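Take a look at the structure set out below.
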Amino acid sequence: MIDNVWTWFMNLGYKGSVSERNPDSGDSGAAGMFTSKANTPDDDIFIHEAIYEMDPDYTVVAVIKQIGDKPAREWATETLAGDIDEISFEGSPEDIQERLDKAILEGLAHRKILMVRESGAIVKFGYKFEDLISR
């Protein structure tokens with residue numbers, strides 16, 4: 499499936515990274531938890547890890563930093579206004595996880611889309627590939 503997710507990502511002109519949870523990873527921790535692809539030099543691994551640790555049933559994550567020539571924050575403000583939660587990924591893994599857990603209680607799990615406060619990257623995630631393409 500990672501190839502399908504990557505094709506979708508590239509066809510839309512996105513820059514960033516995508517990942518797919520490895521079906522046999524269980525709760526084994528970050529090593530081997532998922533397979534990822536990226537077309538930017540930045541390391542988004544910590545974002546993918548945090549999402550998969552948030553809910554063991556999530557199977558796919560996309561971190562979108564740019565759409566064509568437009569920064570993701572600018573695109574999201576124009577396109578997804580009111581449909582996106584902003585969250586900070588600064589601090590310790592425990593701090594990040596606590597903010598994600600709080601966001602879930604506030605409805606993030608139903609929206610499956612957020613913005614990284616520090617970079618403006620858009621993070622889409624879901625239980626299946628169709629969750630990414632439905633928004």
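So in this note's numbering, spot 29 of the sequence shown is number 527, and the numbers just go up one at a time.
Positions of the beta carbon are idealized from the N, C-alpha and C atoms, including for glycine.
Source: prediction; values computed, not measured.
Beta-bridge pairing of residue i - partner residues as DSSP gives them
i: Ile620; result: Ile562 and Met613
i: Asp583; result: Leu612
i: Ala536; result: Ser515
i: Lys568; result: Ile565
Selection from the options that minimises the alpha carbon distance to residue i
i: Ser617; options: Asp540, Trp506 and Asp501; result: Asp540
i: Phe544; options: Asn520, Phe627, Leu578 and Val621; result: Val621
i: Gly530; options: Phe627, Glu547 and Gly624; result: Glu547
i: Pro521; options: Lys626, Ile631 and Ser632; result: Lys626
i: Leu598; options: Ile549, Val558, Lys568 and Arg519; result: Ile549
i: Thr557; options: Ala579, Arg519 and Gly514; result: Arg519
i: Phe623; options: Ile594, Ile562, Leu510 and Lys513; result: Ile562
i: Asp542; options: Leu630, Ala619, Gly511 and Glu628; result: Ala619
7 Å Cβ cutoff met for residue i and residue j
i: Val516; j: Ala560; result: yes
i: Thr533; j: Ile500; result: yes
i: Leu612; j: Ile585; result: yes
i: Lys610; j: Asp593; result: no
Supposed contact pair residue j and residue i - C-beta distance, whole angstroms, cut 8 Å
i: Asp583; j: Ala601; result: 6 Å
i: Trp504; j: Lys535; result: 5 Å
i: Lys513; j: Asn537; result: 6 Å
Handout entry: Three CB pairs or more closer than 8 Å across the stretch 551-558 and the stretch 566-577
Key = no
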